[in-house]
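Top to bottom, those sequences are chains A and B. The numbers in numbering that gives the first Met the number 0 rise by one with no breaks, and the one at position 155 of the first sequence is 154. The numbers in numbering that gives the first Met the number 0 rise by one with no breaks, and the one at position 83 of the second sequence is 82. For each residue, glycine too, the CB sits at the ideal point set by N, CA and C. One structure below.
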Amino acid sequence: MDTDLVTRAQRGDEEAFASLAVAVGDRLHAVAHRILRDIDLAEDATQQALLAIWQDLPQLRDPARFDAWSYRLLVRACYAEGRKSRQWSPNMRLLPSDEPMQADGSDSIVDRDQLERGFRRLSIDHRAVVVLHHYLDWPLDRIAETLGVPAGTVRSRLHHAMRGLRAALDADARPPAREVAQ
Amino acid sequence: MSSDRDTTRIVRSWLLDGPTELPDRVLDAVLDQLPSTHQGRATWWPARRLSHMNTPMRFALGAVAIVIAVVLGINLLGSNIGGPSPTPTPAPSGASEEPVVRAWIDAVNERDQEAATAVMSDRVVVSDTTLEREEAARTILETWCPMDVLSVQRVGDSYIVEAAFVEDDLGTCTAGVPGTTGMFVVEVVDGKVSRLP
Chain A
0 MDTDLVTRAQ
10 RGDEEAFASL
20 AVAVGDRLHA
30 VAHRILRDID
40 LAEDATQQAL
50 LAIWQDLPQL
60 RDPARFDAWS
70 YRLLVRACYA
80 EGRKSRQWSP
90 NMRLLPSDEP
100 MQADGSDSIV
110 DRDQLERGFR
120 RLSIDHRAVV
130 VLHHYLDWPL
140 DRIAETLGVP
150 AGTVRSRLHH
160 AMRGLRAALD
170 ADARPPAREV
180 AQ
Chain B
0 MSSDRDTTRI
10 VRSWLLDGPT
20 ELPDRVLDAV
30 LDQLPSTHQG
40 RATWWPARRL
50 SHMNTPMRFA
60 LGAVAIVIAV
70 VLGINLLGSN
80 IGGPSPTPTP
90 APSGASEEPV
100 VRAWIDAVNE
110 RDQEAATAVM
120 SDRVVVSDTT
130 LEREEAARTI
140 LETWCPMDVL
150 SVQRVGDSYI
160 VEAAFVEDDL
170 GTCTAGVPGT
180 TGMFVVEVVD
190 GKVSRLP
């Protein structure tokens, strides 16, 4: 991230902040959507996070840490959106009925549906760790630093979350979708 | 039955599916709000470091801190006002909850949410807002700078903590300015932290 842009935005330069927002908006939104699993909530969380970044920028002492800091504010915004919407929307979408399956059948539509359900049962804390680790490929110590929690807590959350997701996948005792169709 | 490796592969593949671009209207909405959204400054601790202040300013700040501590003590004592001395009265009776306060501060320093919530009431007043314990702990752990405790003084159910703040790992804590000292009041009820600044 261009630290000069961050510094200028810290001083109230709206043009610099606009450039920053363009630079980080897509990835913040992508992460928010993967945590919240809802397009409207993700847009709201991203909007709130960007505004929080603008408001709190003067308090960021080291502009070089802007990236990690922005994710911390995003996850906080996701907590807020998650709390606001206790009633999760179904977020239905059509899946292609002839989607090709993996040779071992493990990455099927059924798997994805089970994963979706399993993931939605996780708390935002656990989802955030899964997304930062498995989507952004971050190591656990970086996640701990970003979220402001001990590394042991991150490890424990990831373990618990992955165990839950694995259980969700294994819980599907139905035969593969194609067999049902036939 | 899925192996751990299968689960990881499926989860990673599944996470790739989804939007990767922020709609322009969201970005526009943010930028439209900038002119009416004020940027904050460092929060409720003095933003100037003591080492940058001249001697009279340091004495003045010290005097103000003492006055604040005395006023807080008088307010917290309530009916005890009118006694012979305006200084905080020693704890009247009952076991000191100072270990609870110190355990809570240790948890804040360690960024250990579990340990922090273990010594907090179900509902905690933070900056005059009542929060659920987990939310209060999360808020505190995300914002407070780690600190070295210089003293803890009991006043009724409350404890006045004097602490020297230090930088957190990320350098983004906003409550407390690293390199400065400050005082704050922690209220403890039934062995649990119930009110924070």
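Cα-Cα separation between residue i and residue j, rounded to whole angstroms
i                            : j                            : result
alanine 167 of chain A       : histidine 32 of chain A      : 20 Å
glutamate 133 of chain B     : serine 122 of chain A        : 13 Å
aspartate 121 of chain B     : valine 5 of chain A          : 39 Å
tryptophan 143 of chain B    : alanine 170 of chain A       : 42 Å
leucine 50 of chain A        : alanine 17 of chain A        : 11 Å
arginine 71 of chain A       : serine 157 of chain B        : 32 Å
valine 10 of chain B         : histidine 132 of chain A     : 11 Å
arginine 141 of chain A      : threonine 171 of chain B     : 14 Å
arginine 111 of chain A      : glycine 117 of chain A       : 10 Å
tryptophan 137 of chain A    : alanine 67 of chain A        : 11 Å
valine 125 of chain B        : glutamate 97 of chain B      : 19 Å
glycine 175 of chain B       : leucine 139 of chain A       : 27 Å
valine 66 of chain B         : serine 150 of chain B        : 17 Å
tryptophan 53 of chain A     : alanine 8 of chain A         : 8 Å
glycine 190 of chain B       : valine 148 of chain A        : 24 Å
arginine 82 of chain A       : methionine 0 of chain A      : 31 Å
glutamate 42 of chain A      : leucine 27 of chain A        : 10 Å
threonine 180 of chain B     : valine 148 of chain B        : 9 Å
arginine 119 of chain A      : isoleucine 34 of chain A     : 9 Å
glycine 17 of chain B        : serine 2 of chain B          : 25 Å
alanine 29 of chain A        : aspartate 39 of chain A      : 12 Å
tryptophan 103 of chain B    : alanine 136 of chain B       : 10 Å
leucine 59 of chain A        : alanine 15 of chain A        : 16 Å
threonine 86 of chain B      : methionine 146 of chain B    : Interpretation of threonine 86 of chain B is limited by its pLDDT of 48, a score under 50 that renders its predicted location unreliable; the figure taken from the coordinates is listed afterwards. Using only the alpha carbons, I get a separation of about 25 Å.
valine 153 of chain A        : valine 129 of chain A        : 9 Å
alanine 41 of chain B        : proline 22 of chain B        : Summary for alanine 41 of chain B: the model assigns pLDDT 43, below 50, so the residue's position carries little reliability, and this model does not support an answer.
phenylalanine 65 of chain A  : glycine 155 of chain B       : 43 Å
leucine 140 of chain B       : tryptophan 13 of chain B     : 32 Å
leucine 93 of chain A        : arginine 4 of chain B        : Per-residue confidence for leucine 93 of chain A stands at a pLDDT of 38, beneath the threshold of 50, marking its modelled position as unreliable; no derived number is given.
arginine 153 of chain B      : phenylalanine 183 of chain B : 12 Å
aspartate 168 of chain B     : proline 177 of chain B       : 12 Å
alanine 117 of chain B       : alanine 48 of chain A        : 29 Å
phenylalanine 134 of chain A : glycine 151 of chain A       : It is worth fixing the name first, because residue 134 of chain A is tyrosine in this sequence and not phenylalanine. Answer to the nearest angstrom: the Cα atoms are 20 Å apart.
tyrosine 78 of chain A       : arginine 24 of chain B       : 23 Å
alanine 22 of chain A        : valine 29 of chain B         : 14 Å
alanine 44 of chain A        : threonine 128 of chain B     : 22 Å
arginine 110 of chain B      : alanine 143 of chain A       : 10 Å
methionine 119 of chain B    : histidine 37 of chain B      : 33 Å
glutamine 46 of chain A      : glutamate 113 of chain B     : 30 Å
CB-CB length for residue i against residue j, believed under 8 Å
i                      : j                       : result
alanine 127 of chain A : leucine 146 of chain A  : 7 Å
alanine 20 of chain A  : leucine 26 of chain B   : 6 Å
valine 195 of chain B  : valine 185 of chain B   : Note that residue 195 of chain B is leucine in the sequence shown, not valine. Between valine 185 of chain B and leucine 195 of chain B the Cβ distance is about 6 Å, and since that is below 8 Å, they are a contact.
glycine 39 of chain B  : aspartate 55 of chain A : 6 Å
threonine 6 of chain B : arginine 165 of chain A : 4 Å
leucine 15 of chain B  : glutamate 13 of chain A : Not confirmed; about 34 Å, so no contact.
valine 107 of chain B  : alanine 115 of chain B  : 6 Å
valine 160 of chain B  : valine 100 of chain B   : 7 Å
Residue environment, residue i, which counts as buried when at least 16 other CB atoms sit within 10 Å
i                        : result
arginine 162 of chain A  : exposed
glutamine 113 of chain A : buried
alanine 63 of chain A    : exposed
serine 35 of chain B     : exposed
aspartate 37 of chain A  : buried
arginine 10 of chain A   : exposed
glycine 24 of chain A    : buried
glutamate 20 of chain B  : exposed
threonine 2 of chain A   : exposed
histidine 158 of chain A : exposed
histidine 125 of chain A : buried
threonine 138 of chain B : buried
serine 193 of chain B    : buried
serine 95 of chain B     : exposed
Residue(s) in a DSSP beta bridge with residue i
i                            : result
isoleucine 159 of chain B    : B:Gln152, B:Val184
leucine 73 of chain A        : None; leucine 73 of chain A has no bridge partner.
tryptophan 143 of chain B    : B:Ala174
methionine 119 of chain B    : B:Val192
leucine 130 of chain B       : B:Val123
phenylalanine 65 of chain A  : DSSP lists no partner for phenylalanine 65 of chain A.
phenylalanine 164 of chain B : B:Met146
Checklist entry - Using a Cβ cut-off of 7 Å, which residues of the stretch 41 to 55 of chain A contact any Cβ in chain B, in chain order? => result Glu42, Thr45, Gln46, Leu49, Leu50, Trp53, Gln54, Asp55
Item to check | Selection of the stretch 60 to 75 of chain A by Cβ proximity to chain B, strictly under 8 Å | outcome: Arg60, Asp61, Arg64, Ala67, Trp68, Arg71, Arg75
Item to check | Where the stretch 99 to 110 of chain B meets chain A: residues whose CB sits under 8 Å from a CB there | outcome: Per Cβ criterion, the list reads Glu109, Arg110.
Next on the checklist: Short of 8 Å Cβ to Cβ, which residues in the stretch 12 to 36 of chain B face chain A?
Outcome noted: Ser12, Trp13, Leu14, Leu15, Asp16, Gly17, Pro18, Thr19, Glu20, Leu21, Pro22, Val25, Leu26, Ala28, Val29, Leu30, Gln32, Leu33, Pro34, Thr36
Checklist entry - What residues in the stretch 144 to 168 of chain B have a beta carbon less than 9 Å from any beta carbon of chain A? => result Glu166, Asp167, Asp168
Next on the checklist: Taking beta-carbon pairs under 7 Å, can you tell me which members of the stretch 120 to 133 of chain B lie near chain A?
Outcome noted: none
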